[in-house]
Structures are given as C-alpha cells and as structure tokens.
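Going left to right, the sequence shown walks through residues -29 to -1, 1 to 336 as mature numbering (1 follows the signal peptide of the UniProt record, and there is no 0) numbers them. Just so you know, even glycine gets a beta-carbon here, dropped at the ideal spot from N, CA and C. Data first, discussion second: the structure below is written as structure tokens.
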Amino acid sequence: MNWTSPAKRRLIFVSAAIIAATAAATVYACSSQSASSDDTEESEMQPIKSAVYVNDRLWLLHDDGSLVSLGPSDAKPEKVTAPGKLIEICKLGGSLVAVASGANAWTVEQQQSAGWVVRAKLPTEGDSIAAIGCDGSANVVTVVTNKRVLDVAGDTVRTLKLKQELKPPFANGIALATSDAVWLGFNVGEWGGGLKRIARSGGQVQAVARNRSGELCGGPLNTECDPVTGIVSAPWDRSCVVASIGLVHMMSHGRLVEVCGNDVRRLYFKALDPQPPNNRLDDGEPASTVAFFGLQGAPSSLWAVGLDGLYRFDGKQSPTFQPLPKFENKGGYWVSFDVPGVALVMTDVNQRLSMSGSVPIMAVR
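Next up, the structure:
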C-alpha cells in the first residue's frame, strides 16, 4: 500500500489521535490542584520502576537503582541512602525490603530505623536476575535468575535449579510465588513479553499462552505481543492467577487475563476510542483497548491501574471504576494520595521499550 493512500493516511490520523488523547489524559491527570512550592523544580516524569507504600511513606525506586521516599504532606521527596544499587523493592511484614546488587552476590536488605540490615546474601554464580517477587503473607522474597529460583525466608535460602535456562530479555520482569509454582511476567514493550510458569516440583519452565484466532497477535495471551505488567493470585480462587497486559505504542492495547491450571481466559477489557478504520475484532475485542500497568491484591478483591483510571474487581463480571485523580507535582514527581487505600505516581520508565509516554503505577496503602 502506498504511504500516501487514503487508507494509510486514515490509519496515521487515528494513531496520532490516540497518542494525542493519551497525552491529553496525562496532562489532565498531572494538573495539580496546588502549585509546587518551588516553580523551578523539574517537572518532567521520572523513570520510576517500582512504588511501595510502607510506614506512611511512598517509596519510589528509579530505573537507575536509586531510591527516594515521601509522605502525603511532604512538598518533595527525600533521597534515601541505599546499600548499593537496588534492583527491586517490596513490602514484607510491614517493612521495606530491597534486593541490592554486588560484585559476587546479591543482598536482601531490610530497612529499619537504624539503617539497612542484611537478611541474606545470594552468590550470583554468574547468573542474571530475571525477576523478583515478595510474598507478604509468607514473609518470603523470591529471586529468579536465568538458572535458579532462590526463596529467602528469614536467614534461610531454598534453591531450585531450573530444567531450562531462561533467555533474555528480562526487561521489567516480575514474579509471583505460590505453593506449587513461580509465575514470571515480562514487559518488553512493543516486543511483548508474556507469562511463564516454573513448577516447584522439578523446575520445569513453561510458557503460558493462548492464541484463540491463530492470528499474528491473537489473544487472550500472546508472548510476542502482550507485555505483562502485573501478576496476583485471584482473590476469588487462590488456585488461579490474574495478569495485566499494557502497551501504548501508536495505539493502546491491554486486558486482564485469568489462568487456572492450563486454562487461559480473558477476564476483562475495555474499548478505547477512536478505533482504526479497518478495525478487526478478536473475540469481540477491538484493536484499541485500555492498557493496564499494574495489579495489587486485597483480601477479597484486586486493584488494577489502567491508562484511564482505577478498577476494582471482586470476581463479578463488571469492576468498580473511578477515573484517575489529579496528580500533584512534588519536587518533580507527579503523585496522588487522593484515592483511599492507594498511592499513585506517574512514570515514563516504559518509554525505552515503546512510545508509551507517561503512565500511572500504584502502591496499595
């Protein structure tokens, strides 16, 4: 097709319209109700990799391994002295826990009033970290490398060797540890990422996917096309997991999927207009849908943060929805504490892998 053909021009127009709509939504969300205390503060989005709410403070891990924190009433965040370059942070037993890199070992560190305390040292053995997850109910940190699963409980480390080596890229890897498996989600932007499952019984690694239509990027879960941005146990059935998919690259693409055993099904999607002129439906799902950028579990429900707002699921077909609140510029960080039980921050960390611009991520309080 010629690039100057009417059909191609219409597609370019629709893609540009979607990008403009996304930018407009970001500008609205980041229109603070009160100006920053210092008008000279840098206001660009920050490359925030992870957000955790602990001890009445929001802890933000940058993509470069540095850490800051701020409280709801603070004008700007404070830099936090960390034990080396941090790879990941999470909440465990009411405390902030971090995994830090070292020359020959990774360390699991717990943040206390007197400083950081080493909980465990994990020899690297030449491995690369693929993903990290925390199980607050079991007080376990799970570190997944390309060759091993390392479960850290107190000062005890349990090791499981993988039957198949994991292959990079491991960009934005996340892990969920359950009693019988370790689930891995990867977000490689426009190149997908997908979901994998490691069996605890023997270390077998399995790609979890389903392409109903057989088309190039057919869903509901496609390794080559679906970046996985969150994984949680389904609160309505702990034998199942829910994963979020989110990508903004020319168009917005996302859904939630539920995996129970070997069954993969679409749990939820929402159309995001405008649609391209030649809009082909995938089991009723249009080309442009709301992208989701994280999941957080609650005792009887789960939170999902989408491009347009917050969704709360309790197992029923339709979630409870509320639009994104207005964000406030606090020392160059766009954050919101307006939603009860949730803290939100805008990040542009996904922009290195897609044309996503700034997107919201959350931390449950």
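For residue i, the residue or residues it bridges with in DSSP
{"i": "Arg237", "result": "Val228"}
{"i": "Leu67", "result": "Lys62"}
{"i": "Val335", "result": "Val313"}
{"i": "Arg171", "result": "Answer is none; Arg171 lacks a bridge partner."}
{"i": "Gly36", "result": "According to DSSP, Gly36 bridges with nothing at all."}
{"i": "Phe308", "result": "According to DSSP, Phe308 bridges with nothing at all."}
{"i": "Pro191", "result": "Asn182"}
For residue i, the three-state DSSP class (helix, strand or coil)
{"i": "Trp30", "result": "strand"}
{"i": "Trp162", "result": "helix"}
{"i": "Lys301", "result": "strand"}
{"i": "Ala6", "result": "Confidence in Ala6 is poor, its pLDDT being 41 and thus under 50, which makes the residue's placement unreliable; the coordinate value appears in the next sentence. Ala6 falls in the coil class under three-state DSSP."}
{"i": "Thr149", "result": "coil"}
{"i": "Arg119", "result": "strand"}
{"i": "Asn182", "result": "strand"}
{"i": "Gln135", "result": "coil"}
{"i": "Glu256", "result": "strand"}
{"i": "Gln17", "result": "strand"}
{"i": "Ser72", "result": "coil"}
{"i": "Pro248", "result": "coil"}
{"i": "Ser223", "result": "strand"}
For residue i, the first and last residue of its enclosing beta strand (DSSP E)
{"i": "Ala142", "result": "Ala142 -> no beta strand (DSSP E), and no H or E assigned at all."}
{"i": "Glu80", "result": "76 to 83"}
{"i": "Arg90", "result": "86 to 94"}
{"i": "Leu203", "result": "Looking at the sequence provided, one finds Val at residue 203 rather than Leu. From DSSP, the beta strand (DSSP E) with Val203 extends over 199 to 205."}
{"i": "Phe157", "result": "Counting along the chain, Phe157 falls outside any beta strand (DSSP E), and DSSP gives it neither H nor E."}
{"i": "Gly280", "result": "280 to 284"}
{"i": "Tyr49", "result": "A quick correction: the sequence has Glu, not Tyr, at residue 49. That run of the beta strand (DSSP E) goes 49 to 51."}
{"i": "Arg129", "result": "127 to 132"}
{"i": "Gln293", "result": "291 to 294"}
{"i": "Cys105", "result": "100 to 106"}
{"i": "Gln177", "result": "176 to 179"}
{"i": "Leu266", "result": "263 to 268"}
{"i": "Asp208", "result": "208 to 220"}
{"i": "Ala275", "result": "273 to 277"}
Residues of its chain near residue i, where Cβ-Cβ distance is below 6 Å and the 5 sequence neighbours each way are ignored
{"i": "Asn143", "result": "Asn158"}
{"i": "Thr78", "result": "Ala71, Val89, Lys92"}
{"i": "Ala22", "result": "Leu31, Val316, Ile332, Ala334"}
{"i": "Glu86", "result": "Per the sequence shown, residue 86 should be read as Gly rather than Glu. Taken in chain order, the list of residues that qualify is empty."}
Cβ shell of residue i (< 8 Å), same chain only, five flanking positions each side left out
{"i": "Leu38", "result": "Trp30, Leu31, Leu32, Lys50, Val51, Ala53, Leu57, Ile60, Ala69"}
{"i": "Asp98", "result": "Thr116, Asn117, Lys118, Arg119"}
{"i": "Ser223", "result": "Ile(-12), Thr(-8), Leu243, Ser259, Thr260, Val261, Ala262, Leu278"}
Residue i, buried or exposed, once every other Cβ within 10 Å from all chains shown has been counted against 16
{"i": "Leu137", "result": "buried"}
{"i": "Trp(-27)", "result": "Only weak support exists for where Trp(-27) lies, its pLDDT of 38 falling under 50; the value from the coordinates is given anyway. It counts as exposed."}
{"i": "Asn187", "result": "What sits at residue 187 in the sequence shown is Leu, not Asn. That one is exposed."}
{"i": "Pro331", "result": "buried"}
{"i": "Thr260", "result": "buried"}
{"i": "Thr113", "result": "buried"}
{"i": "Pro311", "result": "exposed"}
{"i": "Arg237", "result": "buried"}
{"i": "Gly65", "result": "exposed"}
{"i": "Asn250", "result": "exposed"}
{"i": "Pro198", "result": "buried"}
{"i": "Pro82", "result": "It should be noted that the sequence gives Gln, not Pro, for residue 82. Buried, because 16 or more other Cβ atoms sit within 10 Å of the Cβ of Gln82."}
{"i": "Glu195", "result": "exposed"}
{"i": "Lys287", "result": "exposed"}
Residue i Cβ short of 7 Å to the ligand SAH heavy atom set
{"i": "Leu31", "result": "This structure lacks the ligand SAH; in fact it carries no ligand of any kind."}
Cutoff 7 Å; reference residue i; Cβ partners in own chain excluding five residues on either side
{"i": "Gly174", "result": "Leu131, Lys132, Leu133, Lys134"}
{"i": "Ser272", "result": "Pro206, Arg283, Phe284, Asp285"}
{"i": "Lys167", "result": "Leu155, Val176, Gln177, Ala178, Val179"}
Closer than 8 Å to chain B by CB, residue i
{"i": "Asn250", "result": "Reference to chain B is not applicable here, since this structure consists of a single protein chain."}
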